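S.K.:
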Amino acid sequence: MLNKTQIAIMLDLQNKMNTKVNPDWLNAGYAYLRAAMIESVEAIEHHGWKWWKAQQLDLAQVQMELVDIWHFALSHILIEHNGNIPNASSQIEHALTLTNTDVTFDGQSFDLTTQTLVENLELMAGLCVVKRFDVKLFTTIVEQAHMTSTSLFEQYVGKNVLNFFRQDHGYKEGTYIKMWGGREDNEHLVDIMQTLDSSNQDYANSLYQALEERYKRA
Numbered sequence: 069m070l071n072k073t074q075i076a077i078m079l080d081l082q083n084k085m086n087t088k089v090n091p092d093w094l095n096a097g098y099a100y101l102r103a104a105m106i107e108s109v110e111a112i113e114h115h116g117w118k119w120w121k122a123q124q125l126d127l128a129q130v131q132m133e134l135v136d137i138w139h140f141a142l143s144h145i146l147i148e149h150n151g152n153i154p155n156a157s158s159q160i161e162h163a164l165t166l167t168n169t170d171v172t173f174d175g176q177s178f179d180l181t182t183q184t185l186v187e188n189l190e191l192m193a194g195l196c197v198v199k200r201f202d203v204k205l206f207t208t209i210v211e212q213a214h215m216t217s218t219s220l221f222e223q224y225v226g227k228n229v230l231n232f233f234r235q236d237h238g239y240k241e242g243t244y245i246k247m248w249g250g251r252e253d254n255e256h257l258v259d260i261m262q263t264l265d266s267s268n269q270d271y272a273n274s275l276y277q278a279l280e281e282r283y284k285r286a
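Each residue of the sequence shown is one higher than the one before, starting from 69 at the first, in the numbering used here.
(1) Quick check: the Cα distance between Val130 and Ile209, rounded to an integer number of angstroms?
(2) Grouping DSSP H, G and I as helix and E and B as strand, with all else coil, what is Met132?
(3) Would you call the region 229–238 and the region 144–151 touching, i.e. three or more CB-CB distances under 8 Å?
(4) How many angstroms separate the CA atom of Ile140 from the CA atom of Gln269?
(5) Does the region 110–119 come close enough to the region 163–183 to have 3 or more Cβ pairs within less than 8 Å?
(6) For Asp170, does the three-state DSSP call read helix, strand or coil?
(7) Among Lys72, Ala156, Leu189, Lys84, which residue has its Cα nearest to the Cα of Met105?
(8) So for Arg251, helix, strand or coil by DSSP?
(9) Quick check on the burial criterion: 16 or more other C-beta atoms within 10 angstroms. Buried or exposed for Ala272?
(10) Considering only their Cβ atoms, is the gap separating Leu180 from Thr169 smaller than 8 Å?
(11) Rounded to whole angstroms, what's the CA-CA distance from Ala163 to Val203? Just pull it up for me.
(12) Would DSSP call Gln183 helix, strand or coil?
(13) May I ask you to report which of helix, strand or coil DSSP gives Phe178?
(14) For the alpha helix (DSSP H) containing Pro154, name the first residue and the last one.
(15) Where does Leu264 fall in DSSP's three states?
(16) Would you tell me roughly how many angstroms separate the C-alpha atoms of Met258 and Gly97, rounded to the nearest one?
(17) Given a cut-off of 8 Å, decide if Phe221 and Ser157 are closer than it, judged by their beta-carbon atoms.
(18) Look at the alpha carbon of Ser274 and the alpha carbon of Leu264, and state the distance between them as a whole number of angstroms.
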C-alpha cells in the first residue's frame, strides 16, 4: 500500500508538472479522465483479449500504461480538491484503507477480487467515461499486473522526473534529442534508478541531478 509520504510526493510532482505545462491547469478544463480511459483501453490491448487471433501478454507495457493512468488520476483528484495537496492526499489515503471490494457501476455491483485484470481494466475505463475514478479499483489492477506500491511509486517518479528533464532541455521547442551518450534518455534513467533509494525524501531531486550530470558528460 502506498504510504502517506509517497502519496504527498507524487501529488506535489504532478502539480508541478501540470503547472509547468500550464500555470492555470486547474481551470483549463483538461479531460484527464478521458485520457485515463484511453490508457485503460490501451492496457487491455497490451494484455490481449481477442479470441479470434493469437495474442501474448505484454506485462511491461500494461504496467507502463498504469503509470500513465496514475498521472491523469492524480491530476483529476487534485482538481476535485482545488489543488489542495493535503486534502487530495487524505482522500487517497482513506480510499486505500477501505476493505470493501465491490464497485457499483450503472446499477450493477462488481467484485474486484473475482474479476480478471482485463475485466477490471474495462470497469475502470467505464468509470472514467462517467468522470469517476476509483482508487481501490486502480490499486487492485496494479496488484493484478504484478506491481508493488514501491514499483508504482518508483516508475511514477521516474517518468515525472524524465518529463521535467526533457521540458527543461528543449523538448517543447523541439531541440531536445532523446538519444545522448549512445543511449536513449529513459535507459539512462533506469540505470540511475537502480543506484538510488526510493525511500529517500529527496529521491526525485536525486534522480534529476543524476540525469543532469550524465547529460553534461555525454
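Every residue gets a Cβ at the ideal spot worked out from N, C-alpha and C, and that includes glycine.
Small disclaimer: the values here were computed from a predicted structure and weren't measured.
M.R.: On the basis of the data shown:
(1) Their Cα atoms are separated by approximately 10 Å.
(2) Correct three-state label for Met132: helix.
(3) Three or more beta-carbon pairs separated by less than 8 Å are not found between the region 229–238 and the region 144–151, which leaves the two stretches without contact.
(4) In the sequence as presented, Ile is not what sits at residue 140; that position holds Phe. C-alpha separation (whole angstroms): 23 Å.
(5) Contact fails between the region 110–119 and the region 163–183, because fewer than three Cβ pairs, one in each stretch, are under 8 Å apart.
(6) Of the three classes helix, strand and coil, the one that applies to Asp170 here is strand, per DSSP.
(7) Ranking Lys72, Ala156, Leu189, Lys84 by Cα distance to Met105 puts Leu189 first.
(8) Strand.
(9) Counting Cβ neighbours within 10 Å, Ala272 comes out buried, since at least 16 surround it.
(10) Cβ atoms of Thr169 and Leu180: closer than 8 Å.
(11) Approximately 6 Å, taken between the alpha carbons.
(12) Coil, per DSSP.
(13) Strand at Phe178.
(14) Unbroken alpha helix (DSSP H) run through Pro154: 153–165.
(15) Here DSSP, grouped into helix, strand and coil, assigns Leu264 to coil.
(16) In the sequence under discussion, the amino acid at residue 258 is Val, which differs from the Met named in the question. Cα-Cα distance, rounded: 34 Å.
(17) The answer is no: Cβ separation not under 8 Å.
(18) Taking the straight line joining both Cα atoms gives about 8 Å.
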